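Protein chains in written order, with my numbering: chain S, 13 to 478; chain G, 931 to 1304.
Quick reminder that beta carbons are idealized off the backbone N, C-alpha and C, glycines included.
For clarity, every value in this text was computed on a predicted model and none was experimentally measured.
Data block below; observations after.
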């Protein structure tokens, strides 16, 4: 008797939900556009990206960067996947509503086409040339909603600029699917967090005290992929097996313009792993450029806990592509991107590599991350200071885990090309190659490819700068 | 029924359990053979506590033939029970996505001892039988003998009837333990004093302590499907949600642990409930209350509880929510939801998705039709 009653109890809520469509607010935490404006007002991309039109802040906006009237430009917002959706109401703050003057000075959409995705239902609307909120509503046969695209058909011309702007868009979907306010709140908070990172990164760039920053303000995900995990990564083995497998997975990719395969560093890494770093000497490392590397879209310093708690959010947070970002050495300092800004000094009290990898040194029981280093020196060049060709760092410390606190150990291998640029970076289960643009002190890290393994898949992310 | 079982039937004492005389006689006989190793004190005489080691070691079936260890050996005669078991969380103890997601990056033998107890040597020894998780043999088989609370008159088995088999002490073997001390090599040899899973202690401290059949009296209502936190019906039975208006601006929400014999939630350290109140037009302004345990690192290893808002058996917890803080229109109904969350991350990233639900909505109501509070 209990079982039929239980079945009714389980099915009844679903039956009720199936017939009662209601409206709920959705937040976009990813957005894409045909273009965006990158100029002196937005030098470090802390504004004008498409996601700024979903942040609920009229002080920021999406501004297209096509250089003409803005007609034909589009912006797409990614929403929570919602089955059983029959309508979407949008509230739009047209133009750049940071101020009355800016509203008039910049172009704003007049006629637009709103398209629901994936249904493709499209409807044309005419927006009023006024500040404040305007409402649109588009319906579709009850079905899935994942994204909405606004395409500009005609514009109200700006009094001063041809740049077309949209300050904000809000989304209210009518659906039979139960709403999930926690998920929507989390999406909104991700947007706010992303904004803070953009502002912080811009501050780092602006405060560079005249010294050139060898990274770009933003990187975009160009390609992703997944391959089956090589057997070496599935088997129990030491960290070097995992690192070797990741290296070989990366080496399988050919070079291409702007991102050559780092053959020299690959050969060096292979020899080092085969010999367990026999010709690496213990050193102390310091950098002459200790500026922190900012958290940028798709480029972030690694962290000690990453290999224990699973990968952090993968993906291009501003456009929605999911697949992986590039990691930089966990030192997190600009100076480690170039060999000439890394100083290596003799040290006598390094533990053995085996002890360091096992987390045996007493420093590994500390809450503060401690790093031991070994270096392979580049051939001496007369008149130039000695520099490292490769650095092996082993960082350790206590991290929070499920059962309490545990010792975490992270090994990283940094290898520099002949010009002294970091072109290969290995961690336990990922290998990354970097491509540089320019030369000398003005060189900038422009591209990268990461092959990362985490339990079941190997993901490649090729990230290129603007 | 296997030939080995048929043979054992011929040798078994008749009817019921061995009785005091029978046990004494066997002990004397066993003592004579003890040095030969042919006869060992059976776990039954030590009580159910001896059947498990609370994760310190795998379950040893001793002299049980390999062909009798897997579920298939039982299914021929106990198809109904096995079918129930296949829908249980015991059957998914090893394979479930939530466990595997936490286990894979850091595979400890200690985890295997409860999630695949029949693996004799930890992670590397999980075979198809061990991957069946907490299967029939884990609770019912030792040294080739069936263990149970009773023996049917027509049972073909040599059943060791254990007087305390129905007690909570059986379940405590895997559902009551402290945070382990994990050595540098990943071994666990001892525990801290800080409870990690405290379900049995919660039961013993509650109003149902001493109940005949203890855990089984509730979790065994549907046989070996053993519904618990992963069964919506069980959750809805355990927790009730009520709402009423104190006045037009304040909503009173009451959650009662009306049906669980232990705290709500209980078990794994990440389990928690969230009570949410919101208006659909303003999800970013939703109101939330955490129900569960929160931990901090303990100085002597493991973790200790720094916050415990789990609801005791038969306890009601009341919250008052100022609906004006929720935003939205005054006429817009307010939604209330009680959600049970199994993991630390209610909303996993796509790459970290365990492949099964990380939460379930226990109750969801709106204020439409809500009355004034009495």
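So who's on the other strand from residue i, going by DSSP bridges?
i: residue 135 of chain S; result: S/126
i: residue 168 of chain S; result: S/120
i: residue 433 of chain S; result: S/350
i: residue 412 of chain S; result: S/417
i: residue 357 of chain S; result: S/296
i: residue 1080 of chain G; result: Answer by DSSP bridge pairing: none, since residue 1080 of chain G is not bridged.
i: residue 1209 of chain G; result: Answer is none; residue 1209 of chain G lacks a bridge partner.
i: residue 150 of chain S; result: S/100
Checking 8 Å against the spacing of the C-beta atoms, do residue i and residue j come in under that value?
i: residue 167 of chain S; j: residue 119 of chain S; result: yes
i: residue 424 of chain S; j: residue 436 of chain S; result: no
i: residue 158 of chain S; j: residue 130 of chain S; result: yes
i: residue 1073 of chain G; j: residue 977 of chain G; result: no
i: residue 62 of chain S; j: residue 45 of chain S; result: yes
i: residue 1049 of chain G; j: residue 1110 of chain G; result: no
i: residue 1256 of chain G; j: residue 1215 of chain G; result: yes
i: residue 34 of chain S; j: residue 186 of chain S; result: yes
i: residue 354 of chain S; j: residue 399 of chain S; result: yes
i: residue 100 of chain S; j: residue 139 of chain S; result: no
i: residue 73 of chain S; j: residue 108 of chain S; result: yes
i: residue 1179 of chain G; j: residue 1252 of chain G; result: yes
i: residue 1211 of chain G; j: residue 103 of chain S; result: no
i: residue 984 of chain G; j: residue 1166 of chain G; result: no
i: residue 143 of chain S; j: residue 261 of chain S; result: no
i: residue 1100 of chain G; j: residue 1069 of chain G; result: yes
i: residue 70 of chain S; j: residue 179 of chain S; result: yes
i: residue 56 of chain S; j: residue 217 of chain S; result: yes
Could you have a look at residue i and say whether DSSP puts it in helix, strand or coil?
i: residue 493 of chain S; result: There is no way to answer for residue 493 of chain S, as the model of chain S reaches only from 13 to 478.
i: residue 441 of chain S; result: coil
i: residue 209 of chain S; result: helix
i: residue 1039 of chain G; result: helix
i: residue 286 of chain S; result: helix
i: residue 1303 of chain G; result: coil
i: residue 952 of chain G; result: Low local confidence applies: a pLDDT of 34 at residue 952 of chain G is under 50, so the model's placement there is unreliable, with the coordinate-based value given in what follows. Looking at residue 952 of chain G - three-state DSSP - the assignment turns out to be helix.
i: residue 18 of chain S; result: Any answer about residue 18 of chain S is weak, because its pLDDT of 47 lies below 50 and its placement is not dependable; what the coordinates show is given next. Three-state DSSP puts residue 18 of chain S in a helix.
i: residue 48 of chain S; result: coil
i: residue 343 of chain S; result: coil
i: residue 1032 of chain G; result: helix
i: residue 1225 of chain G; result: strand
i: residue 1060 of chain G; result: helix
i: residue 1292 of chain G; result: strand
i: residue 963 of chain G; result: Legend: pLDDT at residue 963 of chain G = 35, less than 50; position of this residue unreliable, value from coordinates given subsequently. Helix.
i: residue 275 of chain S; result: helix
i: residue 423 of chain S; result: strand
i: residue 329 of chain S; result: At residue 329 of chain S the pLDDT is 43, less than 50, meaning the model places this residue with poor confidence and gives no usable figure here.
i: residue 1253 of chain G; result: helix
i: residue 1123 of chain G; result: strand
i: residue 968 of chain G; result: Summary for residue 968 of chain G: the model assigns pLDDT 34, below 50, so the residue's position carries little reliability; its value from the coordinates is reported in the next sentence. Reduced to three states, the DSSP call for residue 968 of chain G is coil.
i: residue 109 of chain S; result: coil
i: residue 979 of chain G; result: helix
i: residue 1075 of chain G; result: strand
i: residue 88 of chain S; result: strand
i: residue 1262 of chain G; result: coil
i: residue 1277 of chain G; result: coil
i: residue 1015 of chain G; result: helix
i: residue 197 of chain S; result: helix
Which of the residues in the region 369-393 of chain S, read from start to end, lie with their CB under 8 Å from any CB of chain G? 370, 371, 372
According to a CB-to-CB cut-off of less than 7 Å, which residues of the region 1189-1213 of chain G neighbour chain S? 1206, 1208, 1210, 1211, 1212, 1213
When Cβ atoms are compared, which residues of the region 409-429 of chain S fall closer than 9 Å to chain G? 410, 412, 413, 414, 415, 416, 417, 418, 419
Along the region 180-197 of chain S, what residues have a CB closer than 9 Å to any CB found in chain G? Flagged, chain order: 184, 190, 191, 192, 193, 194, 195, 196, 197.
Using a beta-carbon distance cut-off of less than 9 Å, what residues from the region 31-64 of chain S approach chain G? Shown in chain order are the members of the region 31-64 of chain S whose Cβ falls below 9 Å from a Cβ of chain G: 34, 35, 36, 37, 38, 39.
Any chance you could list the beta strand (DSSP E) runs of at least 3 consecutive residues sitting entirely within the region 379-410 of chain S, in chain order? 382-389
Short-range partners of chain S found in the region 1219-1243 of chain G, where Cβ spacing is below 8 Å: 1227, 1228, 1231, 1232, 1233
Length at least 3, wholly inside the region 1130-1203 of chain G: the beta strand (DSSP E) runs in chain order: 1169-1177, 1180-1187
Members of the region 85-118 of chain S near chain G, C-beta cut-off 9 Å: none
Give me the subset of the region 431-445 of chain S whose CB atoms are less than 9 Å from a CB atom of chain G, sorted by chain position. none
Please identify, using Cβ separations under 7 Å, the residues of the region 996-1011 of chain G that lie next to chain S, in order along the chain. none
What residues in the region 1101-1119 of chain G have a beta carbon less than 8 Å from any beta carbon of chain S? 1109, 1110, 1112, 1114
Residues in the region 1259-1271 of chain G having any Cβ partner in chain S nearer than 7 Å: For chain S, none of the residues of the region 1259-1271 of chain G brings a beta carbon within less than 7 Å of one of its beta carbons.
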